[in-house]
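Structure record follows, encoded as structure tokens.
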Amino acid sequence: NAGVTQTPKFQVLKTGQSMTLQCAQDMNHNSMYWYRQDPGMGLRLIYYSASEGTTDKGEVPNGYNVSRLNKREFSLRLESAAPSQTSVYFCASMSFRGPFWVLHFGNGTRLTVT
Amino acid sequence: DAKTTQPPSMDCAEGRAANLPCNHSTISGNEYVYWYRQIHSQGPQYIIHGLKNNETNEMASLIITEDRKSSTLILPHATLRDTAVYYCIVRRREYGNKLVFGAGTILRVKS
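Protein chains in written order, with the working numbering: chain A, 9 to 122; chain B, 1205 to 1315.
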């Protein structure tokens, strides 16, 4: 049981390049999330997907697109990377335990845009 | 919508109890308070949650005031490995039932 797996772990891009961050979970969770974390700051929600086939914007969606390919996979795409998108990106899935939720995080993708 | 306020940083001596406060004065009656921690740039990890009553698990205790406007996470015997950023979270309604993180409290456990 791997939990939430993110690839790649590290990436360096040049301004204007595109890339897709991959996330997969093997816990059969419906809800999945993408967060970014800038140095010394908390996590900010980029996009989330409440279930397969649905996605919604979070706090900071500009410059990103997402795809909920199936129940397991939720990818984040940067179409034209900018230095302001240098950050650590975390994917998470959510489990429900009665009336409350628990987020399960991957170990992050560290992205540098030069 | 409920938001949380936490001190930016705290220090604690190894072996002593660490008490991390959180204000959530706009919390509504049926909203849970959640605590997560993030160790050295790893993904955040769930610690504990509560609604009205005090809660305890193998990691920590959570004390919620009677008016539910604040809570305190207690690590009873802090170790160096407890050095981390601790997040107190309440659901934000504009994002449905999703959990939105603030800046958290950096806890430094010192020997």
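Yeah, the Cβ is synthetic: ideal placement off N, Cα and C, and Gly gets one too.
Determine, using beta-carbon pairs with one atom in the region 1265-1283 of chain B and one in the region 112-121 of chain A, whether at least three such pairs fall under 8 Å. no
Is glutamate 81/A close to chain B? Criterion is C-beta to C-beta, closer than 8 Å. no
Just the Cα atoms here: how many angstroms apart are arginine 1220/B and alanine 10/A? 34 Å
Since tyrosine 1291/B meets chain A, which of its residues come closer than 9 Å, beta carbon to beta carbon? Gly50, Leu51
Inspect the beta-carbon positions of phenylalanine 82/A and methionine 40/A and report whether they are closer than 8 Å. yes
Could you run through the region 1207-1236 of chain B and flag, in chain order, every residue whose CB is less than 8 Å away from some CB of chain A? Tyr1236
Going by the DSSP bridge assignment, what does lysine 1207/B pair with across the sheet? Paired residue(s): none; lysine 1207/B is not in a bridge.
Under 8 Å between C-beta atoms, does valine 1304/B make it to chain A? yes
Nearest chain B C-beta to phenylalanine 18/A closer than 8 Å, yes or no? no
Beta-carbon within less than 7 Å of threonine 1287/B's beta-carbon, same chain only, minus the 5 sequence neighbours each way: which residues are those? Leu1311, Arg1312, Val1313
Cβ of leucine 84/A less than 8 Å from any chain B Cβ? no
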